[in-house]
Amino acid sequence: MTERTTAHRLQVATELHRFIEDRVLPGTGIRPAKFWKGFDAIVADLAPKNLALLAERDRLQSELDAWHGAHPGPIQDMPAYRAFLTRIGYLVPEPGKVKISTTQVDAELAKQAGPQLVVPVLNARYALNAANARWGSLYDALYGTDVISEADGCEKGRGYNPKRGAKVIEYARHVLDRTAPLRKGSHLDSVGYRVKDGKLSVKLKDGSTTGWPMLLSWSATRARPSTRHLCC
Numbered sequence: 138m139t140e141r142t143t144a145h146r147l148q149v150a151t152e153l154h155r156f157i158e159d160r161v162l163p164g165t166g167i168r169p170a171k172f173w174k175g176f177d178a179i180v181a182d183l184a185p186k187n188l189a190l191l192a193e194r195d196r197l198q199s200e201l202d203a204w205h206g207a208h209p210g211p212i213q214d215m216p217a218y219r220a221f222l223t224r225i226g227y228l229v230p231e232p233g234k235v236k237i238s239t240t241q242v243d244a245e246l247a248k249q250a251g252p253q254l255v256v257p258v259l260n261a262r263y264a265l266n267a268a269n270a271r272w273g274s275l276y277d278a279l280y281g282t283d284v285i286s287e288a289d290g291c292e293k294g295r296g297y298n299p300k301r302g303a304k305v306i307e308y309a310r311h312v313l314d315r316t317a318p319l320r321k322g323s324h325l326d327s328v329g330y331r332v333k334d335g336k337l338s339v340k341l342k343d344g345s346t347t348g349w350p351m352l353l354s355w356s357a358t359r360a361r362p363s364t365r366h367l368c369c
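When the letters of the sequence shown are read in order and numbered with the numbering used here, they come out as residues 138 to 369.
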């Protein structure tokens, strides 16, 4: 039987309780007592609503099972089936004009486009895939598609192909030269990118530095903001 620890109205698995207090909360600035009090309030507020939703799901499933039991095989009368789904509440009328705002929403949701992913940090491949999905990696897209030819030793293969990777980087830098040119020089000659005093600073092979002018204005006028997020 799982050992449990009481936290307000909650009965928490002791192992989980210990993990939260010893590994999760330290460094967050949140005291364990405050965390458990808040979590208890959330559970007390949402548990009845969750139970009601589960009951509604069971009701719908029961209605669907009964209908399909009485009408086996492919659906013959789609209008009638749609009317049935509407009658039981599975389908509802489309809402009218709906407005949604991003006030008091985390910047990760309101300002940064991309899927919200949770990955195991110890798995490098998963972490890289998550970063690529978040930022819309041009490198990742080029490497995996036929935009880059597989001729002359540039096959995708089962592992990373450095020769193909070099072709990907070259192609991407040509894209940057066309769409977000540097004040001087070329992205082909860049050896490092960093933000200095709030501005992008690009170091070139000859040791000089240059910038990436009018980036935000370019993104707005060309309607291609995803180019701001190119990464490898």
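All C-beta atoms in this analysis are idealised placements derived from N, C-alpha and C, irrespective of residue type, glycine included. Every value quoted in this text rests on a predicted model; they were computed, and no experiment measured them.
For L191, the enclosing alpha helix (DSSP H) has its first and last residue at 169 to 207. Counting other Cβ atoms within 10 Å of its Cβ, H324 reaches 16 or more and is therefore classed as buried. Secondary structure note for Y297: it is in no alpha helix (DSSP H), with a DSSP letter that is neither H nor E.
In its own chain, leaving out the 5 sequence neighbours on each side, no residue places its CB closer than 8 Å to the CB of L188.
Taking all protein chains shown into account, H154 has 16 or more neighbouring C-beta atoms within 10 Å of its C-beta and is therefore buried.
Around the beta-carbon of L259, fewer than 16 other beta-carbon atoms lie within 10 Å, marking it exposed. With a beta-carbon spacing of about 6 Å, D177 and A144 fall inside the 8 Å limit used to define contacts. Note that the C-beta distance between K336 and V328 is not below 7 Å.
Per DSSP, the continuous alpha helix (DSSP H) segment holding G281 begins and ends at 275 to 281.
Judged by DSSP secondary structure, A217 falls within the alpha helix (DSSP H) whose first and last residues are 215 to 224. Note on Y280: 16 or more other CB atoms within 10 angstroms of its CB, so buried under the neighbour-count rule. Between I285 and K300, the CB-CB gap reaches or exceeds 7 Å.
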